[in-house]
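Colleague:
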DNA sequence: TTTAGCCTAGAGCTTATGCTCAAGCCGTTT
DNA sequence: AAACGGCTTGAGCATAAGCTCTAGGCTAAA
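Protein chains in written order, with this note's numbering: chain A, 1 to 330; chain B, 1001 to 1330.
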């Protein structure tokens, strides 16, 4: 055995075998036991090879068609909010109050949705990436693709007030899934005051990321709620006090550091000038994919959608139904 | 329950549920038991729904990437025979002599391949369809698609010598999978003599199908061998005597009723004028996808490929390896 | 009553995973 | 320098979990 590059060679061989195992299993329709015989390995190994192939994202599964109810909701929402496209992930009404399950389903649906968009993206595109559990769920379920040409730039500050790095910036997850490059902004989400805002925004490292984010032609963002159990607060990006002030100023949602009221207007409050990152309005005219996982955020969604900045929307069926019933709410 | 259209309505509801089940199972990653709970049905029913979704072809699975060996073979074959594209389905060398398994794997791979081609086909295209077990396997594994605009026309006679309809003309299978229209030729595969040939070809019904087939812009054909265990003979489309004569005239393969020698030249024998259907040469310049399932047909393949009529090729790895080693054979 | 369809239960097979063991690779010990 | 022992890695065994199919009983419509 010539093994100049022992580790790499083994890996390549393993992947090759994994590919064969996946073909036999998924396309040929053989059981793992049969695959094992055909590849002359133990059944356990066959199973692990197939598992490996899946982890590597070699296996892509698509479901064609959606439940009629979802299609109807999509059409209503797309029309009402002038969306370019809309995906409603089917979810059951039995466990309609399971927040985690909702993130799981919406994330999985959004991953499929975003996967298609990424595939159509021209070479060397830059994608602006927001924050939140929804996007994190998306990235986690995104099939691995080979797009080292892509650049992912965070559209907002990534640190908490204490300047500690956020455990898992979503940008990192996208980089890991695609092999592309990632940039984040080494500043908090919100500045303490105008002075700090000006100072931090002037930093060269921030300006660099900011320019990338501004020139992106596609954005993936979450829609943040303003309750203490919502992402923004739960990871310490904003304080109790901030939230309190924003809410009393009429804000219902957070779109990458800009705060909108139920009618989709920016609320008149100093904090709206403290967001570190691109201005939400700077996304206008670009493709903005919003992923709305999590329950109980209908009013936040209403505000965000009415801002007119979102062009593509992914959410769960239960949320979509509530949203439709609230469409005229003010 | 208002059930004006009991059967259809139940089916639609079932399908809707099946779609939900498939989403939860394949995209959400839940176990069948969990799917059952979420849809409020019994686990068995959940299982059946998921199964139904698969049978309906809602679930599309793709494997990205092929074993290095297959890629290498594809490149060699594509270059040698000037193919537009080539797919080598991975198969193992352990069960390299399992004929049925080979049809299964090649058919499944070919189905994926053809599915992509069909998706790119313009509206209202006509597809010429050949015969054989390989194509039958392809059609069987083809995901269901909704293309009522397509027309499938048999490129050759479909009856055996006794004028009995062939149990399952492949055209029928394609029609069933796509919802398109199908036309076959109500005549045998080969005429008895020149006179019969002329008479049958002159029939209006034959002319009608023939014109459709001639105007197709895509063909899917098998490559037939000339042994008694091969399709042509096994279903009674040709007699022992025919085969004997063809072989002694140097023929090694059958391409929709035309017989070629190992160098890819039409053999000089009266039977070459007796084929009922379009002339193989009439496909020249069109896209011709050949599916070569089954083992021990390397020489037949060599003849068929050398004819220059085939533009796209699907075969199994074992066959491809043998073929490569015989590429210069004469 | 009969028939068809659906559900329940349970057996048998397939798939997933924790645990164990063996082999190779250091860094340390004699 | 040779030997020892922990550490990592990969493989298989055993078992748990999950999936699929069959038979039998129940309900509802003919």
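C-beta: ideal position from N, C-alpha, C; glycine also.
(1) Pull up the DSSP beta-bridge partners for residue 258 (chain A), would you.
(2) Check whether chain A comes within 8 Å of residue 1027 (chain B), counting only Cβ atoms and requiring the distance to be less than that.
(3) Is residue 1089 (chain B) closer than 8 Å to residue 1316 (chain B) when the C-beta atoms are compared?
(4) List the residues of chain B whose Cβ lies closer than 7 Å to the Cβ of residue 58 (chain A), in chain order.
(5) Is there a Cβ of chain B sitting closer than 8 Å to that of residue 239 (chain A), yes or no?
(6) With 8 Å as the threshold, decide whether the Cβ of residue 1016 (chain B) is near any Cβ in chain A.
(7) Rounding to the nearest angstrom, what Cα-Cα distance links residue 249 (chain A) and residue 268 (chain A) in this structure?
(8) For a minimum of 3 consecutive residues, which ranges assigned as the beta strand (DSSP E) are wholly contained in the segment 153-231 of chain A?
(9) Check the Cβ-Cβ distances between residue 43 (chain A) and every residue of chain B, and say whether any is below 8 Å.
(10) Any residues in the segment 103-114 of chain A with a beta carbon nearer than 8 Å to a beta carbon of chain B? Which ones, in chain order?
(11) Taking residue 1090 (chain B) as the query, report the chain A residues whose CB atoms sit under 8 Å from its CB, ordered along the chain.
(12) Given a threshold of 16 other Cβ atoms within 10 Å of its Cβ, counted over all protein chains shown, does residue 1102 (chain B) qualify as buried or as exposed?
(13) So for residue 26 (chain A), helix, strand or coil by DSSP?
(14) Kindly list the residues whose CB is nearer than 6 Å to the CB of residue 110 (chain A), restricted to its own chain and excluding five residues on each side of it in sequence; keep chain order.
(15) Which whole-angstrom value describes the C-beta separation of residue 1063 (chain B) and residue 22 (chain A), a residue pair presumed to lie in contact below a C-beta threshold of 8 Å?
(16) State yes or no: is the C-beta of residue 323 (chain A) within less than 8 Å of the C-beta of residue 295 (chain A)?
(17) Grab me the residues of residue 163 (chain A)'s own chain with a C-beta within less than 8 Å of its C-beta, minus the 5 sequence neighbours each way, in chain order.
(18) Please identify the residue among A:28, A:32, A:93, A:247 whose C-alpha is closest to the C-alpha of residue 319 (chain A).
(19) How far does the alpha helix (DSSP H) with residue 106 (chain A) in it extend, from its first residue to its last?
(20) Just the C-alpha distance for residue 133 (chain A) and residue 120 (chain A), rounded to the nearest angstrom, thanks.
(21) With which residues is residue 315 (chain A) paired in a DSSP beta bridge?
(22) Taking 8 Å as the threshold (beta carbon to beta carbon), is residue 80 (chain A) in contact with chain B?
(23) Using the Cβ count rule (16 or more neighbours within 10 Å means buried), how would you classify residue 1199 (chain B)?
(24) Is the beta carbon of residue 1016 (chain B) less than 8 Å from the beta carbon of residue 67 (chain A)?
(25) DSSP on residue 1266 (chain B), reduced to helix/strand/coil?
(26) Which residue comes first and which comes last in the beta strand (DSSP E) that contains residue 1044 (chain B)?
Modeller: With the structure as the only source:
(1) A:255
(2) yes
(3) yes
(4) 1063, 1064, 1065
(5) no
(6) Interface residue, yes.
(7) 7 Å
(8) 181-188, 218-222
(9) no
(10) From the segment 103-114 of chain A, only 104, 105, 108, 109, 112 have a Cβ closer than 8 Å to chain B.
(11) Within chain A, the C-beta atoms nearer than 8 Å to that of residue 1090 (chain B) come from 19, 20, 23, 24, in chain order.
(12) buried
(13) helix
(14) Contacts found: 138, 291, 314.
(15) 5 Å
(16) no
(17) With a pLDDT of 48 at residue 163 (chain A), under the threshold of 50, the predicted position of this residue should be treated as unreliable, though the coordinate-derived value follows. Counting only Cβ-Cβ distances below 8 Å, and skipping sequence neighbours, we find 188.
(18) The shortest C-alpha separation from residue 319 (chain A) is found at A:93.
(19) 99-120
(20) 25 Å
(21) Partner(s): A:88, A:292.
(22) No, residue 80 (chain A) does not count as interfacial toward chain B.
(23) In summary, residue 1199 (chain B) is exposed, with fewer than 16 beta-carbon neighbours lying within 10 Å of its beta-carbon over all protein chains present.
(24) Yes, Cβ-Cβ distance for residue 1016 (chain B) and residue 67 (chain A) is below 8 Å.
(25) strand
(26) First-last for residue 1044 (chain B): 1043-1055, but that is the alpha helix (DSSP H), not the beta strand (DSSP E).
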